[in-house]
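Undergrad: Residues in the sequence shown are numbered consecutively from 211, following the working numbering.
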Amino acid sequence: MTRKSESKSRAGAYASSVGAALLLAASLGVEVAQAQAIMRTPTISVPSRTPTISPNVAARAVSIDRGPRTMTTARISTPRIGPAPVLPYARYSPNLYPSCTAPYRDADGECLAQPNTGGDGAGKSGKKSAGKGRGNNTPVALNQRIFAGEFVAEIDGALSVTEADELARRHGLARVASENFPLIGATFGMFRITDGRPAETVRREFAADGSVRSVQPNFRYVLQDQKSSVPTEGDPAQYVLTKLRLPQAHTLAHGANVTVAVIDSGIDAKHPELANSIADNFDALGSAEGPHIHGTGIAGAIVAHARLMGSAPEARIIAIRAFGGTTGGAESSSYIILRSLNYAAEHGAQIVNMSFAGPKDAVIERAIAATAARGLVLIAAAGNAGAKSPPLYPAANPNVIAVSATDQQDKLFTASNRGNYIALAAPGVDIFLPAPEGKYQMTSGTSFSAAYVSGVAALLLERNYALKPEALRMTLAKTARDLGSPGRDDLFGDGEADAFAAVMAVPADSATPVAAASGTTKREDGQPRRDEPGIRAIEQPSLSSSDDKSTISQVDRPATR
């Protein structure tokens with residue numbers, strides 16, 4: 211009885227104390243832990259180049275052990291990055307390819323883990339991600355590199371359309387399109403998953419079918435302008451003319467009778483700057499979209515000839531629409547790029563301008579090798595993903611001339627890619643170009659640097675139609691104006707293109723050209739251009755008896771840095 215009385219008294223005392231504590235807390239306005247619902251707005255630092263932040267910020271109750279007492283409190287979770295939009299780069303920077311730290315790259319240098327939201331590759335992955343391994347984060351990055359649920363597959367060319375559809379149905383796929391590509395001597399189709407199964411499972415089963423030669427994702431490609439600029443009126447000086455010495459070069463050649471295929475977004479053929487320059491059109495998308503700001507600007511950089519001046523104002527353009535489908539930006543895929551390269555090669559293009567970038571892509575690598583084997587000159591934007599980016603393609607392909615961008619002070623464009631695959635540099639910052647509906651734009655990006663070099667290549671081919679791609683490439687390299695550290699480097703390649711020096715270096719007949727350029731020695735014997743095993747840089751013919759640049763006259767010498 212005594213123990214029961216003591217227990218009751220102890221319980222009563224405890225209840226009284228708890229009640230008193232509750233009463234005191236209420237009078238002081240302090241909430242009890244279990245009833246806490248304080249929603250403090252977290253501080254969110256949004257870098258300039260991040261995907262859209264999901265507004266759904268949830269709070270969940272967790273139990274935190276703080277020694278002998280257990281207290282339940284509310285914790286505000288940090289915002290999660292929502293699913294990537296159709297074009298994840300369009301709102302902030304349509305050129306920005308995901309960057310990441312070295313441990314989260316695959317053998318090709320591509321990002322596998324969740325990319326750093328800052329876009330400069332310097333960010334660190336969270337502890338939770340690092341602890342669990344890169345596999346858990348792979349879908350986040352891959353969704354930005356591929357079109358989910360789509361495959362590009364080489365199939366038996368003897369299959370009829372009906373048989374190809376039946377092949378797709380057997381594997382839970384829909385055949386979106388298929389055709390024979392003479393460029394690479396194969397039949398490819400684009401297929402889409404229809405039954406919701408995991409992509410890897412479907413890919414594995416589809417690849418095992420006897421009628422399927424190869425299967426890969428349908429990779430995503432994005433245009434390489436720095437931002438989606440709103441067209442502005444005005445006529446600022448085209449400093450690019452002076453930098454590339456185009457007026458002097460145009461006294462010798464204008465790109466006449468040379469055909470440049472521009473694989474890009476829609477081009478406004480009615481713009482006064484492009485009048486009578488569009489020789490052919492091909493819509494690889496089969497779309498009904500109108501002209502686009504990027505494609506129009508690229509064409510203008512090559513052939514503008516009214517208020518502005520392009521690098522090859524008399525060249526002919528094959529306008530190939532391969533990018534579209536979004537507002538303010540545009541995108542393409544492996545299958546569409548393959549169609550575009552096939553068309554360019556089959557319809558007389560001598561130069562192909564590719565001002566876009568994406569991941570390493572087996573199908574496109576094969577198509578580029580076949581295009582180069584036919585003697586076409588391939589030029590691409592180096593990419594605008596910055597110093598920490600892995601190599602971007604097609605620029606990093608050894609058959610392609612990769613072009614980085616410089617500004618009016620000959621400094622490298624901050625967003626320009628670096629690497630030993632960079633061949634040349636050309637102006638690409640604050641470039642004045644035509645825009646749809648007769649307007650003009652001021653824009654930046656390696657896209658436009660590549661376009662100017664495509665025009666310079668057209669000048670060389672007009673000067674000597676028999677000039678081979680290897681000789682043309684070496685002429686551009688030998689005559690480039692050295693920038694940065696002496697000799698070849700990973701920022702400017704062999705230097706900034708010099709149109710006048712290059713044209714002067716090519717005789718007007720079919721004789722072997724002799725380089726004539728500034729006297730800076732290039733690091734010809736430095737590290738190989740390509741780090742990739744099994745891929746050898748193109749062997750270039752010698753253009754002079756010396757590895758050094760030949761000397762040009764003082765009258766023609768560019769101003770020293």
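Even for Gly, the Cβ is constructed at its ideal location relative to N, Cα and C.
For E647 and D490, what's the separation of their Cα atoms in angstroms?
TA: Counting from one through the sequence shown, the residue named residue 647 turns up at place 437. Counting from one through the sequence shown, the residue named residue 490 turns up at place 280. Rounded to whole angstroms, E647 to D490 spans 20 Å at the Cα level.
Undergrad: Across the stretch 648-665 and the stretch 674-681, are there enough close Cβ pairs to call them in contact, namely three or more that are closer than 8 Å?
TA: The stretch 648-665 is not in contact with the stretch 674-681.
Undergrad: Which first and last residues belong to the alpha helix (DSSP H) in which R639 is found?
TA: By 1-based counting over the sequence shown, the position of residue 639 is 429. At residue 639 the sequence reads Val, which differs from the Arg that was named. That residue, V639, is in no alpha helix (DSSP H); it is neither H nor E in DSSP.
Undergrad: Which whole-angstrom value is the C-beta distance of L669 and V713, which I expect to be below 8 Å?
TA: The count along the sequence shown starts at 1 and reaches residue 669 at position 459. The count along the sequence shown starts at 1 and reaches residue 713 at position 503. The pair is a contact, with the Cβ atoms about 5 Å apart (cut-off 8 Å).
Undergrad: Taking the beta strand (DSSP E) that Q560 belongs to, which residues open and close that run?
TA: Looking up residue 560 in the sequence shown gives position 350. Here Q560 belongs to no beta strand (DSSP E), and DSSP marks it neither H nor E.
Undergrad: Decide if K688 is buried, meaning its Cβ has at least 16 other Cβ atoms within 10 Å, or exposed.
TA: Here residue 688 corresponds to residue number 478 of the sequence shown, with the count starting at 1. That one is buried.
Undergrad: On the CB-based measure, 16 or more other CB atoms within 10 Å of its CB, does G399 come out buried or exposed?
TA: On the sequence shown, residue 399 is found 189 positions in, with the first residue counted as 1. The residue in question, G399, is buried, as its Cβ has 16 or more Cβ neighbours within 10 Å.
Undergrad: Thinking C-beta only, is A363 closer than 8 Å to V422?
TA: As a first step, residue 422 is located in the sequence shown; it is residue number 212 there, counting from the start. As a first step, residue 363 is located in the sequence shown; it is residue number 153 there, counting from the start. Closer than 8 Å, so yes.
Undergrad: Could you tell me the alpha carbon to alpha carbon distance between A579 and L548, rounded to whole angstroms?
TA: Counted from its first residue, the sequence shown places residue 579 at position 369. Counted from its first residue, the sequence shown places residue 548 at position 338. Spanning the two alpha carbons is a distance of roughly 12 Å.
Undergrad: What's the call for D692, buried or exposed, on a 16-neighbour Cβ count within 10 Å?
TA: Here the question's residue 692 lines up with position 482 in the sequence shown. Buried: at least 16 other Cβ atoms inside 10 Å.
Undergrad: Contact check, P457 vs G476 under 8 Å by CB: the rounded distance?
TA: Stepping through the sequence shown from its first residue, residue 457 is reached at position 247. Stepping through the sequence shown from its first residue, residue 476 is reached at position 266. With a Cβ gap of about 30 Å, P457 and G476 do not count as contacting.
Undergrad: Classify G505 as buried or exposed, calling it buried when 16 or more other Cβ atoms lie within 10 Å of its own Cβ.
TA: In the sequence shown, counting from the first residue as 1, residue 505 sits at position 295. So G505 counts as buried.
Undergrad: What distance in whole Å lies between the Cβ atoms of R628 and A463, which are believed to be in contact at a cut-off of 8 Å?
TA: Walking along the sequence shown from the start, residue 463 turns up at place 253. Walking along the sequence shown from the start, residue 628 turns up at place 418. No, A463 and R628 are not in contact; Cβ-Cβ is about 32 Å, not under 8 Å.
Undergrad: Excluding the five sequence neighbours on either side, which residues of its own chain have a C-beta within less than 6 Å of the C-beta of S659, listed in chain order?
TA: Sequence index remark: in the sequence shown, residue 659 carries index 449 (1-based). Excluding sequence neighbours, S659 sits near V613, A615, A636, G638.
Undergrad: With distances taken from CA atoms, which of G665, T411, S626 is nearest G703?
TA: Here residue 703 corresponds to residue number 493 of the sequence shown, with the count starting at 1. The shortest Cα separation from G703 among G665, T411, S626 belongs to S626.
Undergrad: Apart from the five residues just before and just after S370, which ones in its own chain have a Cβ nearer than 7 Å to its Cβ?
TA: The residue given as residue 370 occupies position 160 in the sequence shown. Around S370: no qualifying Cβ.
Undergrad: Between the alpha carbons of D419 and V412, how many angstroms are there, rounded?
TA: Here residue 419 refers to the residue found at position 209 when the sequence shown is read from its first residue. Here residue 412 refers to the residue found at position 202 when the sequence shown is read from its first residue. Each residue's Cα considered, the two are about 11 Å apart.
Undergrad: Can F391 and S543 be called in contact, C-beta distance under 8 Å?
TA: For the purposes of this step, residue 391 is identified with residue 181 of the sequence shown, where counting begins at 1. For the purposes of this step, residue 543 is identified with residue 333 of the sequence shown, where counting begins at 1. No, these two residues do not count as a Cβ contact at 8 Å.
Undergrad: Report the rounded CA-to-CA distance for D620 versus G665, giving the unit in angstroms.
TA: Position 410 of the sequence shown, counting from 1, holds the residue named residue 620. Position 455 of the sequence shown, counting from 1, holds the residue named residue 665. C-alpha separation (whole angstroms): 20 Å.
Undergrad: Could you pull out every residue in the same chain whose Cβ sits closer than 6 Å to the Cβ of S497, ignoring the five residues on either side in sequence?
TA: Sequence index remark: in the sequence shown, residue 497 carries index 287 (1-based). Once the five neighbours on either side are set aside, the close Cβ partners of S497 are G534.
Undergrad: Identify whether K453 lies in helix, strand or coil by the three-state DSSP scheme.
TA: As a first step, residue 453 is located in the sequence shown; it is residue number 243 there, counting from the start. DSSP places K453 in helix when its eight states are reduced to three.
Undergrad: Whole alpha helix (DSSP H) runs in the stretch 455-480 with 4 or more residues, listed along the chain?
TA: As far as the stretch 455-480 is concerned, its whole alpha helix (DSSP H) runs of at least 4 residues are 456-459.
Undergrad: Can you tell me which of the three DSSP states Q426 falls into?
TA: The residue you call residue 426 lines up with position 216 of the sequence shown. Strand.
Undergrad: Straight-line CA distance for N772 to L602?
TA: Since the displayed the chain opens at 211 and closes at 771, residue 772 lies outside it and no answer follows.
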